[in-house]
Amino acid sequence: MFTKRHRITLLFNANKAYDRQVVEGVGEYLQASQSEWDIFIEEDFRARIDKIKDWLGDGVIADFDDKQIEQALADVDVPIVGVGGSYHLAESYPPVHYIATDNYALVESAFLHLKEKGVNRFAFYGLPESSGKRWATEREYAFRQLVAEEKYRGVVYQGLETAPENWQHAQNRLADWLQTLPPQTGIIAVTDARARHILQVCEHLHIPVPEKLCVIGIDNEETDPLSVACRPFFGRSGRAANGLSGGKTVASIIR
1 MFTKRHRITL LFNANKAYDR QVVEGVGEYL QASQSEWDIF IEEDFRARID
51 KIKDWLGDGV IADFDDKQIE QALADVDVPI VGVGGSYHLA ESYPPVHYIA
101 TDNYALVESA FLHLKEKGVN RFAFYGLPES SGKRWATERE YAFRQLVAEE
151 KYRGVVYQGL ETAPENWQHA QNRLADWLQT LPPQTGIIAV TDARARHILQ
201 VCEHLHIPVP EKLCVIGIDN EETDPLSVAC RPFFGRSGRA ANGLSGGKTV
251 ASIIR
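Per UniProt numbering, residue 1 is the first one in the sequence shown, and the count goes up by one each step.
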């Protein structure tokens, strides 16, 4: 007789390095814990998101940085573990069991690293609010808080969302901004991708890095690292979901 196995659905975007690492963390947890799970990864859940309640199984681990996923799971009656960025306001958290990457700690780590290198002028290259990236807004907020607390002057440039059709225009505007910064400014980029944009412009403008401008990015992407990056707790989502299937709370599982 077969033992009933829990079917857990993972809702993540396999095109994103962060999401792939979360999925890998769940897999590593399963191997280590020998949990009785069947994992279902929907390859194109967006095409079927309107009928999401019909195929979720016994539980869900999902990317709650994606507003569309969060909204689709609003009335689902199965245990959910959301994975996403932290918020400085408690009421901003979704009403599910949630594992957060600490955005404040990420920015603080980059900020302190620059300070240790003797930097005392700071800038932040973020994303426009129209991008809908809530984690980017939180990282910008953390930067503003940190420079204010330390009595430094901090400059913020959100820039433009980049796409093939506006790439050169966006890079030109970034070049305009970089040329306004005084020498020895430390720039914290909201992602490693945005940090690479800066490095490319600096190369074109013959701005030496780090001699004139220091650049540090956040994300720990799979390309050559540019920066300090705090790896999120990828395996914790699996541990949390396993506890929920046994009737526990996330608070009692994640410590």
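Just so you know, even glycine gets a beta-carbon here, dropped at the ideal spot from N, CA and C.
- For a cut-off of 8 Å, the C-beta gap from Arg7 to Phe40 is around 6 Å, short enough to register as a contact.
- In terms of CA proximity to Ala123, Gln145 leads the group Ser131, Gln145, Arg134, Lys53.
- Within the region 67-123, the beta strand (DSSP E) runs of at least 3 residues that lie entirely inside it are, in chain order, 80-85, 97-101.
- Here Phe12 is not near Ile52, since their CB atoms are 9 Å or more apart.
- Contact between Ala170 and Leu178 does not hold, since the beta-carbon distance rounds to 13 Å and is not under 8 Å.
- Rounded to whole angstroms, Glu211 and Gln184 show a C-alpha spacing of 7 Å.
- Rounded to whole angstroms, the gap between the alpha carbons of Gly59 and Thr9 is 6 Å.
- Nearest to Asn172 by C-alpha distance, out of Gly27, His197, Asn120, Glu36, is His197.
- DSSP places His206 in no alpha helix (DSSP H); its state is neither H nor E.
- According to DSSP, residue pairing for Asp38 in a beta bridge involves Arg7.
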